[in-house]
Amino acid sequence: MRYAANILKISLVLITTIAASCKPVKHKEGKSGYAITAVPFTNVTLTDDFWARRIETNRTVTISFGFKKCEEEGRIRNFARAGGLLDGQYEGKMPFDDTDVYKIIEGASYCLAIHPDKELEKYIDGIIEKIAAAQEEDGYLCTWKTINPDKTPANWVKPGPRWHNLGASHELYNAGHLYEAAYAHYKATGKKNFLNVALKNADLICETFGPGKKLDVPGHQIIETGLVKLYLATQKEKYLDLAKFFLDQRGNAQGHKLYGSYSQDHKPVVEQDEAVGHAVRAVYMYAAMTDVAGIMDDSSYRAAVEKIWDNVVSKKLYITGGIGARHQGESFGDNYELPNLTAYNETCAAIGNIYWNHRMFLLTGDAKYIDVLERTLYNGMISGVSLKGDSFFYPNCLESNGKYKFNMGSLTRQPWFDCSCCPTNVIRFIPSVPNYIYARRDDSLYVNLFISGKADIEMNKTSVEISQETGYPWDGKVIIKVEPEASERFTVNIRVPGWALNKPVPSDLYRYADENREKVTLKLNAKPIDINMNKGFAVIERKWSKGDVVELNLPMPIRRVIANEKVKADLNKVTLVRGPVVYCAEGVDNDKKVLDMVIGDDVELKAEYRKDLLGGVTVITGDVSDETGGKRELLAIPYYAWSHRGPGEMAVWLSRKPVLSETER
Ligand SMILES: [Zn+2]
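Here this note's numbering is used: the first residue of the sequence shown is 1292, the next is one more, and so on.
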């Protein structure tokens, strides 16, 4: 029983799909607690060539590869040992190796929901049995502590009893990924065997932490969003309250010694206005803060996340959507510190950035958040995994000289890492992509992303099938069919991406260096209509009937982007983009040398789709020059597809003018 390679029935309910029937009074009504609800996987079918292929590769290659690595390296044996089913010491170099297993179960659960697989289900149930065995009587679960709390997996973790050294022990981080995975497994399979393990653990943590109890916070955030999911699964407010408690306690020196800005523990979260410290910790925390703003209707949290978001998007975002500029501390840099050769841009941070921006959209209904989400999705996130699905970038640099081993000591993607957070985060994220395409609020329907396929959505109790046909991201023509069961009045909001409206990002961090004379157009039933914009969406409010067709045309000329002059690394440089896709020049296509290439403003560039290159990509070509004015031929490929043909030079940003003086560089 095999799927056609490019057709996937997605049927998973995520955070945004929880029944609202017994929502506590103090929280906002709505299926997710947010003002807007994403249309769940259950209702979305993809027929596109781009994402469906990625999801299928994740299912058929990456998940089994990940489980195999976890078997080989003892991550699954650790659960058996903690459960007394096996003798021996903890295997592994990190105190959070448990989370890799949880994350793969999360991704595999999504796949079980769309592609029933008895063998995989049985295998996962077997692992869950070991996880349950590893759980102590009172609900405690963290294998390295249970196996031997005096022998730590890494020298930066102090030995000691439970909850000791929470800044580094990752006990609460392990718990957070347990909750995220157990929630996904429960939603995907309907089974409670994993959820019950998570709830038992969360009950212990609720008994242990909180006002009048332990006041510590985790060093690495994620338990907060995990607890929100357990709240959504059970409607038990204690989980939501504990999530907010952990957030409220950050920056509060009463109860724990502050960890500082590395862990966003330098000041209360509602007073934070700049993205600092470890980027993955940060975005997981911002996502949780957005949950509190959305579900608990907390205006101070909302104001804080809006300020921090402005800081990221105006000063700390790469053109690829990547975040976290520094290798040192895996952290955000200073404002406008966006180096290319040494860019860190952890794949996990890109994934976290998508989680956060999606929540910001659900909170506000503003398309600018989807603009950032889309930029990250098509560039800085999918660059993290190879087209074959079996090797990964941990950092995602924007330039390579073929010498600096940016990827944890390697010049190209690696199958696995001692700290394998990124591969397993890719595994859990990729199958969730269909959750980001559509959303609804009251009688408004949102089309956020352009991916061929269809969705079943209920509008005013009328069942509506909405479908898209498009060659996105290579072609900007999108045919949207709106088919209500019976004629019904409602609003369809179709996102008009910022990139199509002369704004590559919703800030002044990047801008186009050229003019686009082609306008976005919209047709309704073959007749051109005026575009009525609201918060980045073209709004069409009418009585919809079977057979209604909207045609959105987003012209996709090749565009030149330049950075704000405060970004020193990109001074006098230009990058090429087309639609949502960022381009790079790679040595293998350009006589092995790209760092000396110059793309003058007047150079004519051409786009051409090449079916047989890198899984099918649109490339950009042109007659350019080198720094001394000598002739060169440019072939640029999508950034995400680089590093599949051996190591070598690569650059996203290329010089705009020949022969730069030292002072100009
Ligand atoms: Zn990572």
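For every residue, glycine included, the Cβ atom is placed at its ideal position computed from N, Cα and C.
Continuous beta strand (DSSP E) stretch holding residue i: start and end
{"i": "residue 1744", "result": "1744-1750"}
{"i": "residue 1941", "result": "1940-1942"}
{"i": "residue 1661", "result": "No beta strand (DSSP E) holds residue 1661; the alpha helix (DSSP H) holding it covers 1659-1666."}
{"i": "residue 1737", "result": "1735-1738"}
{"i": "residue 1816", "result": "Looking at the DSSP string, residue 1816 is not in any beta strand (DSSP E), and its letter there is neither H nor E."}
{"i": "residue 1688", "result": "Segment: none, residue 1688 is in no beta strand (DSSP E) and carries neither H nor E."}
{"i": "residue 1917", "result": "1908-1917"}
{"i": "residue 1844", "result": "1839-1844"}
{"i": "residue 1327", "result": "Counting along the chain, residue 1327 falls outside any beta strand (DSSP E), and DSSP gives it neither H nor E."}
{"i": "residue 1873", "result": "1872-1877"}
{"i": "residue 1900", "result": "1896-1901"}
{"i": "residue 1828", "result": "1828-1835"}
{"i": "residue 1866", "result": "1864-1869"}
{"i": "residue 1850", "result": "1849-1854"}
{"i": "residue 1633", "result": "No beta strand (DSSP E) holds residue 1633; DSSP gives it neither H nor E."}
{"i": "residue 1926", "result": "1922-1929"}
{"i": "residue 1775", "result": "1768-1775"}
{"i": "residue 1782", "result": "1779-1786"}
Residue i beta carbon near ligand 1 (any heavy atom closer than 7 Å)
{"i": "residue 1639", "result": "yes"}
{"i": "residue 1716", "result": "yes"}
{"i": "residue 1571", "result": "yes"}
{"i": "residue 1464", "result": "no"}
{"i": "residue 1685", "result": "yes"}
{"i": "residue 1713", "result": "yes"}
Beta-carbon contacts of residue i that lie in its chain and below 6 Å, excluding the five residues immediately before and after
{"i": "residue 1763", "result": "1741"}
{"i": "residue 1844", "result": "1768, 1812"}
{"i": "residue 1690", "result": "1631, 1632, 1942"}
{"i": "residue 1575", "result": "1512, 1513, 1643"}
{"i": "residue 1646", "result": "1578"}
{"i": "residue 1536", "result": "1501"}
{"i": "residue 1474", "result": "1520, 1524"}
{"i": "residue 1372", "result": "1379, 1438"}
{"i": "residue 1872", "result": "1669, 1764, 1929"}
Rounded Cβ spacing between residue i and residue j (contact assumed at less than 8 Å)
{"i": "residue 1394", "j": "residue 1472", "result": "6 Å"}
{"i": "residue 1791", "j": "residue 1853", "result": "In fact, because the Cβ distance is near 18 Å, the residues do not count as touching under 8 Å."}
{"i": "residue 1875", "j": "residue 1824", "result": "Rounded, the Cβ-Cβ distance is 32 Å, inconsistent with contact."}
{"i": "residue 1435", "j": "residue 1499", "result": "Not a contact, Cβ separation roughly 18 Å."}
{"i": "residue 1947", "j": "residue 1911", "result": "The pair is not a contact, with the Cβ atoms about 15 Å apart (cut-off 8 Å)."}
{"i": "residue 1899", "j": "residue 1913", "result": "Going by Cβ atoms, the distance from residue 1899 to residue 1913 rounds to 11 Å, so no, they are not a contact pair."}
{"i": "residue 1828", "j": "residue 1785", "result": "6 Å"}
{"i": "residue 1755", "j": "residue 1773", "result": "7 Å"}
{"i": "residue 1566", "j": "residue 1607", "result": "6 Å"}
{"i": "residue 1931", "j": "residue 1586", "result": "Contact doesn't hold; Cβ gap of about 33 Å is too wide."}
{"i": "residue 1613", "j": "residue 1671", "result": "4 Å"}
{"i": "residue 1933", "j": "residue 1877", "result": "5 Å"}
{"i": "residue 1684", "j": "residue 1698", "result": "6 Å"}
Host alpha helix (DSSP H) of residue i (start-end)
{"i": "residue 1403", "result": "1388-1405"}
{"i": "residue 1643", "result": "1638-1655"}
{"i": "residue 1720", "result": "1712-1720"}
{"i": "residue 1758", "result": "Counting along the chain, residue 1758 falls outside any alpha helix (DSSP H), though it belongs to the beta strand (DSSP E) covering 1753-1761."}
{"i": "residue 1514", "result": "1514-1525"}
{"i": "residue 1537", "result": "1528-1540"}
{"i": "residue 1470", "result": "1462-1480"}
{"i": "residue 1673", "result": "Unbroken run through residue 1673: none, as it is neither H nor E."}
{"i": "residue 1496", "result": "1484-1499"}
Own chain, CB closer than 8 Å to residue i, minus 5 neighbours either side, in chain order
{"i": "residue 1681", "result": "1352, 1353, 1356, 1706"}
{"i": "residue 1562", "result": "1542, 1595"}
{"i": "residue 1836", "result": "1775, 1778"}
Nonlocal neighbours in the same chain, by C-beta distance under 7 Å from residue i, ignoring five residues either side
{"i": "residue 1718", "result": "1349, 1353, 1354, 1357, 1394, 1395, 1398"}
{"i": "residue 1712", "result": "1639"}
{"i": "residue 1856", "result": "1862"}
{"i": "residue 1402", "result": "1350, 1354, 1722"}
{"i": "residue 1664", "result": "1645, 1648, 1649, 1727"}
{"i": "residue 1411", "result": "1399, 1403"}
Cβ-heavy atom distance, residue i to ligand 2, below 7 Å
{"i": "residue 1359", "result": "Absence of ligand 2 from the depicted structure is noted, with ligand 1 being the only ligands included."}
Task: Start-end ranges of the alpha helix (DSSP H) lying completely within the region 1397-1459, minimum 4 residues - done: 1409-1425, 1434-1438
TODO: Output the residue ranges of the beta strand (DSSP E) runs that lie fully inside the region 1331-1395 and measure 3 residues or longer, sorted by chain position.
DONE: 1335-1337
Task: Sequence ranges, alpha helix (DSSP H) only - wholly within the region 1553-1609, length at least 4 - done: The qualifying runs are 1570-1586, 1590-1606.
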